[in-house]
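Residue numbers (the numbering used here), protein chains in the order written: chain A, 713 to 1082; chain B, 411 to 780. Glycine included, each C-beta is placed from N, C-alpha and C at the ideal position.
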Amino acid sequence: MARVLGLVNLHSSPNLGEIVKNRSFAALTILGRYSFVDIPLSNLSNSNINTVGILVNRCPRSMIKHMDNAMIYTNNTKLGKTIICYNEQYANNNLYNTDINNILENEWLIDEGKYKYVVIAPSHIIYSFDFNKVLEEHISLKSDITLLYKRINNAKNNYIDQDIIDIDSDGNLIKISKNLGVEDEVNVSMETYIINIDKLKSILRFSHETSKFFSLKDVINYICLTTKVNTYEFEGQIRIIDTLESYMKTSMELLDMNLAKEIFRDDWPIYTKTHDTPPAKYLNNAEVSNSYISNGAIIDGKVINSVICREVEVKKGACLNNSIILSNAYISEDAKLEYVIVDKGAKIIHVKELKGTKEHPLYVGIGDVI
Amino acid sequence: MGKEMVALVLAGGKGTRLEGLTKKTSKPAVNFGGKYRIIDFVLSNCANSGVRQVGILTQYESVELTNYCSSGHHWGFDGSNCQFSILSPRQKEDGNHWYEGTADAVFQNLDYLESIDPEYVMILSSDHIYKMNYDKVLHFAIKEDADLVITCLEVDEKDVSRFGILTLDENYRLKTFIEKPKESTSKMASMGIYCFKYKTMKDVLNKLSKEIGTLDFGKHVIPYLLNKNKRVFGYPFYGYWRDVGTIESLWRANMDLIDDDEALDLYNHFSGFKIYTEDTKSLPQYIGSNASIKNSMVNQGSIIYGKVTHSVIFDGVEIGEGTIVENSVIMPGVKIGKNAVIKNCIISPRLKIKDDRIVNDGNKIVLINN
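Rendered as structure tokens:
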């Protein structure tokens, strides 16, 4: 797929609060081992899309750090590349800091003349997908724009505030709106687009002339009144992370191996950075059930329904329930944690009981000693 | 360190006593410690000691090993100023030449060494498990203006007949060297790690090969150097060092990682002396609801529903519900069904074990190979 450019769009990433204070959402850990950005990058790479730009909206440090060996996402490191695209001039101006302005700032990438199509994917909507399937349809229908969506049947209580789309009988986009929980059956936008490069260029110009605050979604929503925007129904599993609660919920749902193996497929690997940590070690008092444990962890306590990242230590008598412990954290003896997210390098030493709820997980910040 | 030193890693051996494990692969490529291969230790030592030129001498069943070593990137040898070469036996103008022993293998690659023209050459065996800073050996060699430094360690009296035994004077200068003596007053055994002054080595190998033919370090080279009163020294090593030449010793060294924290100090985040290896593209390990794991090491990608005690589990291993694994080493990709019993064994890679099977209820450590 030499003629396809990939863009990972972080501009619509959710604000999960404290946990993304110093990092981009895309750099946050999922399942103890990956960063969210690994998922779209691997989907693109596995689809043979070799050159990818990451549209970073904020906290570029966390992305640059994670991407220090970007070669792992590229099939051929001479033919392909992974580039961090950042919009320096609007970095501190939320209204102007849009995906459209970021692409314009880094327009050289799409101007290279090599590409005919662009695949744009977010990092907070996770799924496993071979983009060639939608590209084939996009090309055969001679579409200019194709938007991926997932049909769901429980939207009254789920996916609230997510973008949903109305489509006509020919499968063309009518409008994008918010899910207010009125109906159960809706089409959730996956914020994943296939766009012809010439169309993208004209969208960029049009958008700039219409409103400098427009995001890609705004433009698509605007132009679908006059232009055909094709849609493509995605059949597989998706999960959308938009709040700390849904981060927790998705992590817990993925403890179901059957679901996990649909997003993290054996034949569709997710690439990530290695830290060369030894295998996890279980000591004499370890009691682990229904959990993910990452390498380098040393477990001597009780871990239930939890996700343990790299090089975490859980001491004897400690008990973790429904919690996410990020890398290098330390859980001292007899500490009891329930619905807690412990960020990297934090140490739970003096406080022996921490309790959040499913809806409001407790958060312990990076490196905090409590 | 730069071009001061080249490391030659002897990786051509068959490892006959490892039975079926080395049927289709060479001993250095045999899996070890849940995540590693035996050769990772010597190559990580090289990387951590600042060695930048590494040649791997392969011969027996080298496909898997060559694939694994590829560009040396697992150990960082793809960096600038590094040179990483796989040196296999080759056809030459005067005929075909297999490597006939260690010194002969080095002799046949003098042209490779000549192209780099180092001050010192480190000859390393690739079938031992240990951590060592070769830079210290090099500094010792430079300080003593040594022609050869042999690293050695003290062994039990009953084991002297298995090693080349050194006697040293108070300045660590070599007085005598006897290959596999029936008994000896000295218990200092050669570790098969030689740091040669390149010029001396080149001259000696060239001279002796004309007189003797097939060369051996212990039998020919060291006695010759002693005879000529060259500056040969011993360098005592006091850390953890294991030869894993047999099924029993391979199993034992795996268990050492569980039983003895100090042995290889793998979990010390601050030592800066990591062992590097391949990163498999797999999820973190998943531990099921009714699983139990104690006193064990488990690598990413494994899925465990059974009961694991005092065992080392490699990547991609699946252990079914009700299955008991005790005192065992389960190599990569092994799938074990439900309600099986596995005790005191090494299970070779990718083996499938059916439900309800009882594997080795005896106390002798065995390799399960088919």
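- Between ASN762/A and ASN788/A, the beta carbon gap of about 6 Å places them in contact (Cβ cut-off 8 Å).
- Take the alpha-carbon of ASP988/A and the one of ILE1005/A: they are about 15 Å apart.
- When C-alpha distances from VAL764/A are compared across LEU821/A, GLY1029/A and LEU1038/A, the shortest belongs to LEU821/A.
- Counting along the chain, ILE603/B sits inside the beta strand (DSSP E) bounded by residues 598-607.
- The alpha-carbon separation between GLY486/B and THR943/A amounts to approximately 45 Å.
- Three or more Cβ pairs closer than 8 Å define a contact, and the region 629-636 of chain B meets that threshold against the region 610-619 of chain B.
- Taking ASN891/A as the centre and dropping the five residues before and after it, the same chain places the C-beta of ALA867, TYR871, ILE872, ASP873, GLN874, ASP875, ILE876, VAL898 and VAL900 closer than 8 Å to its C-beta, in chain order.
- In terms of Cβ geometry, ARG447/B and ALA457/B do not form a close pair [threshold 7 Å].
- Ranked by Cα distance from ILE775/B, the options THR733/B, MET707/B, ILE752/B and ILE763/B are led by ILE752/B.
- Taking 9 Å as the Cβ-Cβ cut-off, the region 914-939 of chain A has no residue approaching chain B.
- Between SER721/B and VAL735/B, the gap from beta carbon to beta carbon is short of 7 Å.
- With respect to chain A, the C-beta atom of PRO759/B has no partner C-beta closer than 7 Å.
- Relative to ILE795/A, the option among HIS836/A, ALA1047/A and THR786/A whose CA is nearest is THR786/A.
- Per DSSP, HIS538/B lies in no alpha helix (DSSP H); the unbroken beta strand (DSSP E) holding it starts and ends at 538-540.
- Contact note: MET707/B reaches chain A through PRO990, PRO991, ALA992, LYS993 and TYR994, using a C-beta cutoff of 8 Å and chain order.
- For TRP661/B, the uninterrupted alpha helix (DSSP H) segment begins and ends at 657-669.
- The beta carbon of PRO981/A falls within 7 Å of a beta carbon belonging to chain B, placing the residue at that interface.
- Bridge pairing for HIS507/B: ARG500/B [DSSP].
- With respect to chain B, the C-beta atom of ALA1030/A has no partner C-beta closer than 7 Å.
- At least 7 Å separates the CB of ASP666/B from every CB of chain A.
- Taking C-beta atoms as the reference points, LEU497/B and LEU467/B count as a pair closer than 7 Å.
- Excluding the 5 residues flanking it on each side, ILE714/B has same chain C-beta neighbours closer than 6 Å at ILE697, ALA701 and ILE729, in chain order.
- Contact between TYR1051/A and LEU1074/A holds: their C-beta atoms lie close to 6 Å from each other, under 8 Å.
- Taken in chain order, the complete alpha helix (DSSP H) segments of 4 or more residues contained in the region 808-854 of chain A are 811-817 and 843-852.
- In the DSSP assignment, ARG652/B falls within the beta strand (DSSP E) that extends over 651-653.
- Between TYR808/A and LYS924/A a beta carbon distance of about 7 Å is seen, short of the 8 Å cut, so the two are scored as contacting.
- Rounded to the nearest angstrom, the gap between the Cα atoms of ASN799/A and LYS993/A is 43 Å.
- Setting aside the 5 residues that flank it on each side, ILE909/A is surrounded in the same chain by ILE822, TYR827, LYS828, TYR829 and VAL830, each with a C-beta closer than 7 Å to its C-beta; the list follows chain order.
- Distance from the Cα of THR810/A is smallest, within the candidate group ASN1002/A, VAL931/A and ASN781/A, for VAL931/A.
- Between the region 703-718 of chain B and the region 554-572 of chain B there are fewer than three inter-stretch CB-CB distances shorter than 8 Å, so the stretches are not counted as touching.
- When C-beta atoms of the region 729-744 of chain A are compared with those of the region 773-783 of chain A, three or more pairs fall below 8 Å, so the two segments count as touching.
- When DSSP assignments are scanned along the region 847-928 of chain A, the uninterrupted stretches of alpha helix (DSSP H) that are 4 or more residues long and fall wholly within it turn out to be 909-922.
- A direct Cα-Cα distance of roughly 13 Å separates VAL464/B from ILE449/B.
- GLU1045/A and LEU576/B have their C-alpha atoms some 49 Å from each other.
- Between the C-alpha atoms of SER596/B and ASN749/B there is a straight-line separation of about 52 Å.
- Annotated as distal: GLU503/B and LEU777/B, with beta-carbon spacing of 7 Å or more.
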